[in-house]
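**Q**
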Amino acid sequence: MYKMSGVVRFFRRNAVGYLFLTPWFLGFFILTVYPMAYSLWLGFTNYDFTQPDSTQWIGIGNYMKMFGPLFGLSSFTTSIGEAMRADPYYMKSLSVTFTYVFVSVPLKLIFALAVAMLMNQKLKGVPFYRAVYYIPTLLGGSVAIAVLWRKLFEKSGLVNSLLEAVGFSDLPGWITNPRYALWTLVLLTVWQFGSSMIIFLAGLKQIPQDYYEAASVDGAGKGRQFFTITIPLLSPVILFTLVLQIITTFQAFTQAYIIGGGSGGVLNSTLFYTLHLYIQGWTYYEMGYASAMAWVLLVIIGVFTALVFRTSDLWVSYGTGE
Amino acid sequence: MGLVNKMITKTTVRHSLTHLFIIALGLLMVYPVLWMIISSFKPNNMIFSDPGLMPKALTIDNYITGWKGYAGVSFGRFFVNSLLMCAAAVIGNLIACAMAAYAFGRLKFDGRNFWFAVMMVTLMLPGHVTIVPRYILFNVFGWVGSYLPIIVPKFLATDAFFVFLLVQFIRSLPKELDEAAIIDGCSEVGVFFRIIVPLAVPALVTVALFTFLWTWDDFFNHLLYLTNPKIFSVSRALRTFVGDSGAVSNWGGALAMSTLSLVPPFILFFSLQKYFVQGIATTGIKG
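Listed in order, the protein sequences are those of chains A and B. First residue of the first sequence: 7, per my numbering; consecutive thereafter. First residue of the second sequence: 364, per my numbering; consecutive thereafter.
1. Any beta carbon of chain A sitting closer than 8 Å to that of B:L601?
2. Is B:A464 closer than 8 Å to B:V530 when the C-beta atoms are compared?
3. Quick check on A:T51: does DSSP put it in helix, strand or coil?
4. Tell me the DSSP bridge mates of A:R91?
5. Between which residues of its own chain and B:I558 is the CB-CB distance below 7 Å, once the five residues before and five after are set aside?
6. So, is B:W478 buried or exposed, given that buried needs 16 or more other C-beta atoms within 10 angstroms?
7. Return no unless some Cβ of chain A is closer than 8 Å to the Cβ of B:P627.
8. What span of residues does the alpha helix (DSSP H) with B:L528 cover, start to end?
9. Along the chain, where does the alpha helix (DSSP H) that runs through B:S621 open and close?
10. If you follow the alpha helix (DSSP H) that B:N444 is in, where does it begin and where does it stop?
11. Starting from the Cα of A:L113, find the closest Cα among A:I306, A:S202, A:V309, A:G179 and give me that residue.
12. How should B:L416 be labelled, buried or exposed, when 16 other C-beta atoms within 10 angstroms of its C-beta is the threshold for buried?
13. Grouping DSSP H, G and I as helix and E and B as strand, with all else coil, what is B:Y433?
14. Using a beta-carbon distance below 8 Å, is A:V314 in contact with chain B?
15. Determine the burial state of B:P395: buried for a count of at least 16 other Cβ atoms within 10 Å of its Cβ, exposed for fewer.
16. For A:W180, which three-state DSSP category applies?
17. Rounded to whole angstroms, what is the Cα-Cα separation between A:L283 and A:S297?
18. Taking all protein chains shown into account, do 16 or more other C-beta atoms lie within 10 angstroms of the C-beta of A:V223, making it buried, or fewer, making it exposed?
19. List the DSSP bridge partners of A:W63.
20. Residues of chain C with CB closer than 7 Å to the CB of A:T103, please, in chain order.
21. Taking a Cβ distance cut-off of 8 Å, strictly less, list which residues of the segment 512 to 540 of chain B are near chain A, in chain order.
22. Evaluate the contact criterion for the segment 167 to 185 of chain A versus the segment 142 to 150 of chain A: three or more CB pairs, one atom per stretch, below 8 Å.
23. So, does the CB of B:K373 fall closer than 8 Å to a CB anywhere in chain A?
24. Within the same chain, show all residues whose beta-carbon is closer than 7 Å to that of A:K98, passing over the 5 residues directly before and after it, in chain order.
25. Of all the CB atoms in chain A, is at least one closer than 8 Å to the CB of B:G650?
26. Rounded to the nearest angstrom, what separates A:F315 and B:A461 at their Cα positions?
27. Chain A beta carbons: is any one of them nearer than 8 Å to that of B:P418?
28. Closer than 6 Å by C-beta to B:N407: which residues in its own chain qualify, once you throw out the five before and the five after it? Chain order, please.
29. Going along chain B in order, which residues have a C-beta closer than 7 Å to the C-beta of A:W301?
30. What residues in its chain sit with their C-beta under 7 Å from that of B:V570, if we drop five residues either side in the sequence?
31. Is the Cβ of B:D580 closer than 8 Å to any Cβ of chain A?
32. Between A:A258, A:G268, A:A262, A:V272, which lies nearest to A:V111 when the distance is taken from Cα to Cα?
33. Is the CB of B:T590 under 8 Å away from at least one CB in chain A?
34. Around the Cβ of A:Y290, are there at least 16 other Cβ atoms within 10 angstroms (buried) or fewer (exposed)?
35. Between B:F441 and the rest of its own chain, which residues show a CB-CB distance below 7 Å, the 5 nearest in sequence each way excluded?
36. Return the residue from the list A:A118, A:Q261, A:A92, A:F31 that minimises the CA-CA distance to A:L248.
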């Protein structure tokens with residue numbers, strides 16, 4: 007009897023909570039935990055979507071395929087005795103993605119902060135301006151804007167017509183020239199600084215105006231105020247935005263896919279990590295390899311997120327600004 | 364008096380300059396979009412040669428040729444497909460995320476803090492790590508080539524972002540309201556429907572907006588799962604204008620349909636701007 011009532015009490019206490027969490031639990035276990043475990047296993051196999059029955063455990067074969075070229079390996083023998091060729095484009099996709107992330111994220115945040123500070127004044131019409139500046143972010147992730155971007159940066163596109171109008175000549179096709187293609191994508195990303203700007207603007211509004219007045223009475227100039235008041239007080243918001251931007255930018259896909267016409271562009275100059283993963287998984291159906299790539303991406307993002315958090319002790323202040 | 368006047372003039376001048384600068388930079392920001400809208404009304408052969416915003420000739424031919432669509436399916440169909448898919452995604456996210464958020468934000472049960480921490484970890488998880496097994500799973504279910512792989516996950520609260528957003532909002536609501544309702548004989552389920560949901564409407568609008576927008580704009584999932592032109596979404600269909608080599612045969616049509624595809628996000632944004640700003644500022648929604 008006693009035991010029964012314990013069980014009953016347990017159910018009473020927890021039933022409603024778990025009832026409301028049921029959809030989330032189903033999603034979590036079926037669509038997150040199980041796929042993660044499964045893809046971890048797939049990463050050690052030669053799973054081919056077109057012939058799943060011949061799947062074999064190949065140990066770290068997929069990982070050697072990725073990183074082999076680093077050690078000068080162009081081919082090797084897997085644990086099942088099969089010859090496997092190293093992936094000649096993996097390192098390229100990695101370097102393209104790193105360049106893309108580490109150039110566009112800081113630039114985006116700098117622009118966002120600069121514009122947010124510009125708008126954090128007692129000006130009429132700020133809500134309207136804020137909306138206008140958010141338009142690129144609102145629309146920028148779409149296929150439509152990627153199509154437009156192709157058109158803008160073509161050899162005979164709008165950008166070149168404008169440049170020619172002011173006297174430049176012999177202009178390249180920005181998208182088709184491997185030296186510049188990635189930079190058009192960086193520009194496209196930086197252009198969408200709208201949501202970071204809104205977050206910064208909300209953060210700036212939290213900083214009491216008295217601090218600036220006191221600092222200016224003490225003789226601190228604008229630059230000094232920026233580094234001793236604005237940056238420290240905004241630093242938790244900057245940290246948060248930085249982490250989010252790193253995570254999302256590493257996973258960028260649509261723009262590179264559309265602008266490269268489904269491939270990595272000329273000489274794979276815009277072969278983003280996720281694009282390469284997609285090509286391996288869904289063009290060649292090498293889903294074991296694609297899964298291994300996905301896990302490496304997870305580790306890369308995890309490492310950089312952890313690094314940012316680690317260094318945050320040095321530059322993020324949670325104090326009251328005293 | 365003279366000094367005050369001088370200061371006022373100085374501030375006015377500085378403000379006017381700031382306005383001017385913000386407007387100029389803003390114009391530069393939206394110039395590509397404006398150019399696209401205007402170019403979509405130019406004759407096909409003039410799109411290339413004319414960088415200006417004032418068109419020399421106007422035509423709606425691009426809309427007529429673009430509307431014809433792809434593989435015998437018109438863009439009207441693609442729009443209906445996208446709208447229905449987004450509506451289903453919105454409903455799914457509203458129900459599932461609100462339920463999860465109520466549990467995390469208000470209910471007391473064993474292991475709540477643990478599961479909340481787990482949910483926060485999934486927030487940071489890159490989606491690509493689950494994409495291959497999900498594809499294999501949905502293929503086993505026979506769902507590839509349908510909307511189910513895109514819609515069903517929404518009914519299972521897989522968008523942790525929105526759960527988090529709603530938890531934050533629900534926690535900010537005064538607790539006395541639910542306590543009073545419980546004393547008056549309302550059940551915990553009743554509190555959800557009668558108190559939490561009505562009070563959380565602003566946050567729910569934000570969730571609905573962003574769900575719509577992200578589902579509308581999403582391309583990766585549409586590329587994977589919408590394999591048949593009859594069920595193409597707008598963004599999947601736009602991709603067909605840009606072929607595998609990246610060459611576009613009908614630029615006018617591509618720009619016209621691209622412009623049309625931006626109309627729903629645009630209308631939503633300007634009619635519900637307040638909710639956008641709230642949503643972004645409180646949770647730092649990506650974008």
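Every residue, glycine too, gets a C-beta built ideally from N, C-alpha and C. Remember, it's a predicted structure, so these values are computed and weren't measured experimentally.
**A** In short, the structure shows the following:
1. yes
2. yes
3. strand
4. A:S81
5. L540, D541, A544
6. By the neighbour-count definition (other C-beta atoms within 10 Å, threshold 16), B:W478 is a buried residue.
7. no
8. B:L528: member of the alpha helix (DSSP H) spanning 523 to 534, first to last residue.
9. That run of the alpha helix (DSSP H) goes 614 to 624.
10. Per DSSP, B:N444 is one residue of the alpha helix (DSSP H) stretching across 438 to 468.
11. Closest by alpha carbon: A:S202.
12. It is exposed - the Cβ of B:L416 has fewer than 16 other Cβ atoms within 10 Å.
13. strand
14. no
15. buried
16. When DSSP states are grouped into helix, strand and coil, A:W180 belongs to the coil group.
17. 8 Å
18. exposed
19. A:T51
20. You won't find chain C in this structure, because its protein chains are A and B.
21. P516, F518, L519, A520, T521, V526
22. no
23. At least 8 Å separates the CB of B:K373 from every CB of chain A.
24. Within the same chain, Cβ atoms closer than 7 Å to the Cβ of A:K98 are found at N274, L277, the five residues on either side in sequence being excluded.
25. For B:G650, the pLDDT reaches just 44, beneath the cut-off of 50, and the residue's location in the model is therefore unreliable, leaving the point undetermined.
26. So the alpha carbons of these two residues sit roughly 30 Å apart.
27. Chain A, which has no Cβ nearer than 8 Å to the Cβ of B:P418, makes this no.
28. Spatial neighbours of B:N407 in its own chain (CB-CB distance under 6 Å, excluding positions within 5 residues in sequence) are listed in chain order as G615.
29. V492
30. Correct list, in chain order: N456, L457, C460, F525, L528, L529.
31. Yes, contact with chain A.
32. A:A258
33. no
34. With fewer than 16 other Cβ atoms within 10 Å, it is exposed.
35. Beyond the five residues adjoining it in sequence on each side, B:F441 comes within less than 7 Å, by CB distance, of G432, F595, S596, V597, A600 in the same chain, given in chain order.
36. A:A118
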